[in-house]
Structure formats: C-alpha cells, structure tokens
Amino acid sequence: MLGSDALSFSLDKDTLSAGGSTSATTTLKNLADTDLTNVQFTLTADSDQIQINSPDQTSFDSLAPGESQSVMWEVTTSEDITGGKYNLNTQVTYVQDGNKNQLQESTSLGVAAPLTIPYGLDSGGEDHDGRVSIGDITFDKLPNPSVTQTGEHSVSSFVDSNNDIGGTENDLLYKTEHYGTDIGYDIIVPNSTYDVTLHFAELWWGVEGRGGTDTGKESRVFDIVIQGETVLSNFDIYAEVGSLTATTKTIQDVKVTDEVLSISSTTQVDNTKVSGIEIRPAGDSGGGGTIDPSTTIQLDAFIDGWAGTAPNGISDQTNPTLTLQEGSEYTVEWTNADGAPHDFALQDADGNNLDKTPIVSEEGTTTSLTFTVTAEMVEYVCTVHPNSMVADIEVV
Ligand SMILES: [Cu+2]
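The following block contains the structure:
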C-alpha cells in the first residue's frame, strides 16, 4: 500500500470570488514496486455552489512502478456562493496486488464573496479555541477571505480567569481583541442596509499588572468611521465604563452599495481596539440582537399585548422578546395606549415581581422603569392582563 506522500494536490489559486475559477491538480506517483491497476481520480467539494469538471481522463488501467499520473480539474464557484472557507477533497482509488486501496488529501478554498447576514466577527478570536454565540450569531474568527484587515492589526489575548469582564456573559468575546493604529476591516456583504454593533472592553489601561491602576481616562482615544462617516468620535472606553467591562455601540442604517462594508479608525491616543463586530439587517439590532443599554426601550400597553415602539428591532412587534445584557442598566418607557389599567412588571421564573411600576389607567400616560438586569429576569408582564400582555426577557 502506498503512503500519503504518493499523492499530491495543489490549487492554482487558493482564493476565488463568486463566479471565479481555478485549476486544481491531483498527482499520484507509484512509489511501490508493483503495478497499480484500475486507478480512479476524483475531486469533490463540500458545497454544491462549487462546480468541478475535469477536461482530462480520470481513470487509468494501470500505472507502472516509478510512473506518475496527473489529473487537472476546473473548479468554479457559483455567482451566488456565500463567502468563507470550503473544503476540496481529492481521492484516488487503485488496486495493488489484488487489494483495493485509496488515498485522499484535502485543502481549503477561500471564497471572497458576500457573507451570510447576520454575521459576527470575534476580533482576536483566532487566539482562543472557544466559540462565542450571541442570539442567532456564532462569531467567526479570522482568517476569512471575505474579511480584509486594514491598518496594522495585532492580536491581544487576555484569557485570564482572574479577570472577569463585567457587563456581559460573553467574557470570551472581550478577552481578546484586535488593536493597532488606525485599524479597520473591509467586509464583503450583500448590498443592503445594516445595523452594525461594535463590541469593546478596555483590557489594558486601568488594569493592575497591565497598564496600571493609576491610568485610565484619556489613555486610549479613537474615532470609528463606517462607510466614510465618523460614527464614534473621541471614543474612550475607560471614560465610558472603566476597564474590564463590556460595552457596545450600535450604528443603525449603514448602507452598502458596492458589496463592501468598510470600517476604519483614526487613533487619537495609544491604539484603536475592537473586540467584536456584529452585522444585522437594519432594524434587527434589538430583535435578534442585544439591545444597547443606552437605548430607551419603548412599549405601548394594549389589553391585547405589548406593542414595541423602540428600538427599531422591536418596533411593530407584539410582545417582543427583549434581549438584555446582564448587569447593565436599562430604562423601559411604557405608554398606556387604550385607557385600561396596566402596569409593567419584571418577573422571575416563578412569577414573582422583581420590579414593577404602579398601575396606570389614564390613556396617553407614559411611565418609566429603570432597572439593572439580573439572570432571574425571564419575562415582563402586565399584572392586570397577565395572559395577553406577557413576553420573554432573554438575558445575555
Ligand atoms: Cu394590562
């Protein structure tokens, strides 16, 4: 039986765009001292969006000792293929001394094409083995041929169990980062309008044993530019939430017309840093995704159910699920929309009120409740109409 060194496989190009093609070559050398017979070459891909043809013959009656045989393949991606990495697997079967054997080799083909939305990138995630999921997104890690880094990126890892990240249950997303001067990303996405959420945590300044506890504010300041527009100006993570604490910024209604979502930065002090990037369809940033704590949640109270008003992700939904960050403070403003008596209560799994507003019966009155999210919060309810005015709280 032949060893794996008898088979080689190569691609002319290891990255393609949608509708692109490359040639691939499989070569078998008979390193044994007897003939190989009934030699058959195949090449397959793990996606039917990749077409494979061979203009060559792919079966051979025999291959004598010391002889080589190559087969060339044409590999073409479909026009509507999704960006990412795909596997190509080449296989050769043959008969030697009456026994059927096979050899195989795989390689990955990168496809720089629009990514499937929603999409999340764990910046620096290439430095840890875990996978972070928030809502319906499992965060990707680089390399991805559809994500091009601009500027000088470095990866910082901070996987230290003694340092929990506050304001999140997704510590792992925040324990690594991309940092550098004027870093950015060009991300290939379908032309559309998106909500882009950027995740940050200060891992250096103000941290004992790192940048030091006598440093913090104004130690790291940067601007973020998306599609050429400055969306965060003189952003100072430490000044906003301190160190080792997660914070997010959602930029709504980002338009992409040339299939490239471009994020860049201007560093004012030290380095720019990014922990993660979430890209969702516009209006979805509070629905499938976590609502930014700086966003006031607005609901209209009707006997039939709670009607979401803001943020966009819950607007026009009845009894919308609220996805909230544990440990963060949120404000809900609810308006009595029909003149029936209503209140707004946060309840645990046993139906106990964790916090609530008074009952208000006057139509048009707006009542607000500010609260800190805890893991026990599982639903919000009007205690007067608990069967129709009830919805889930998802704590992340
Ligand atoms: Cu009610």
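In numbering that gives the first Met the number 0, the protein residues as written are 0 to 395.
Think of the CB as a built atom: it goes at the ideal place given N, C-alpha and C, for glycine as much as any other residue.
Would you mind working out which of 36, 78, 76 sits nearest residue 68, comparing C-alpha positions?
The residue you call residue 68 lines up with position 69 of the sequence shown. Checked all of 36, 78, 76; the closest Cα to residue 68 is 36.
Closest Cα partner of residue 247 within the set 214, 116, 201
Within the sequence shown, residue 247 is the residue found at index 248, counting from 1. The residue with the shortest Cα to Cα distance from residue 247 is 201.
With burial defined as no fewer than 16 other Cβ atoms inside 10 Å of the residue's Cβ, what is the status of residue 292: buried or exposed?
To locate residue 292, count along the sequence shown from 1; it is residue 293. Flag for residue 292 reads buried.
My guess is that residue 199 and residue 250 are in contact by the Cβ rule of under 8 Å, so how many angstroms apart are they, rounded?
Within the sequence shown, numbered from 1, the residue matching residue 199 stands at position 200. Within the sequence shown, numbered from 1, the residue matching residue 250 stands at position 251. Not really, about 13 Å apart at Cβ, beyond 8 Å.
Roughly how many whole angstroms lie between the Cα atoms of residue 79 and residue 48?
Against the sequence shown, residue 79 aligns to sequence position 80. Against the sequence shown, residue 48 aligns to sequence position 49. Cα-Cα distance, rounded: 8 Å.
If you draw a straight line from the C-alpha of residue 196 to the C-alpha of residue 277, how long is it?
Within the sequence shown, numbered from 1, the residue matching residue 196 stands at position 197. Within the sequence shown, numbered from 1, the residue matching residue 277 stands at position 278. Here the alpha carbon of residue 196 sits roughly 5 Å from the alpha carbon of residue 277.
Please return the same chain residues whose Cβ sits closer than 6 Å to the Cβ of residue 397, not counting the five positions on each side in sequence.
Because the chain is modelled from 0 through 395, residue 397 falls outside the range shown and cannot be assessed.
So for residue 44, helix, strand or coil by DSSP?
What you label residue 44 is simply residue 45 of the sequence shown in a count that begins at 1. DSSP places residue 44 in strand when its eight states are reduced to three.
With hydrogens ignored, establish whether the beta-carbon of residue 344 is closer than 7 Å to any heavy atom of ligand 1.
Mapped onto the sequence shown, residue 344 falls at position 345. No, the beta carbon of residue 344 sits no closer than 7 Å to any heavy atom of ligand 1.
The alpha helix (DSSP H) spanning residue 238 covers which residue range?
Taking the sequence shown and counting its residues from 1, the one referred to as residue 238 is at position 239. Unbroken alpha helix (DSSP H) run through residue 238: 236 to 240.
Do the CB positions of residue 273 and residue 188 come within less than 8 Å of each other?
The count along the sequence shown starts at 1 and reaches residue 273 at position 274. The count along the sequence shown starts at 1 and reaches residue 188 at position 189. Between residue 273 and residue 188, the C-beta spacing is not below 8 Å.
Out of curiosity, what's the CA-to-CA distance linking residue 368 and residue 183?
Along the sequence shown, one-based indexing puts residue 368 at 369. Along the sequence shown, one-based indexing puts residue 183 at 184. Going from the Cα of residue 368 to the Cα of residue 183 covers about 38 Å.
Please find out if some non-hydrogen atom of ligand 1 comes closer than 7 Å to the beta-carbon of residue 383.
Taking the first residue of the sequence shown as position 1, residue 383 is located at position 384. Yes, the beta carbon of residue 383 sits closer than 7 Å to at least one heavy atom of ligand 1.
The stretch 348 to 360 in contact with the stretch 308 to 322 per 3-pair CB rule at 8 Å
Output reads no: the stretch 308 to 322 does not touch the stretch 348 to 360.
Residue 306: CB within 7 Å of a non-hydrogen atom of ligand 1:
Position 307 of the sequence shown, counted from the start, is the residue given in the question as residue 306. No, the beta carbon of residue 306 sits no closer than 7 Å to any heavy atom of ligand 1.
Meets three-Cβ-pair contact criterion under 8 Å: the stretch 134 to 149 and the stretch 38 to 56:
The stretch 134 to 149 vs the stretch 38 to 56: no contact.
DSSP beta-bridge partners of residue 249:
Here residue 249 is taken as the residue at index 250 of the sequence shown, counted from 1. 196.
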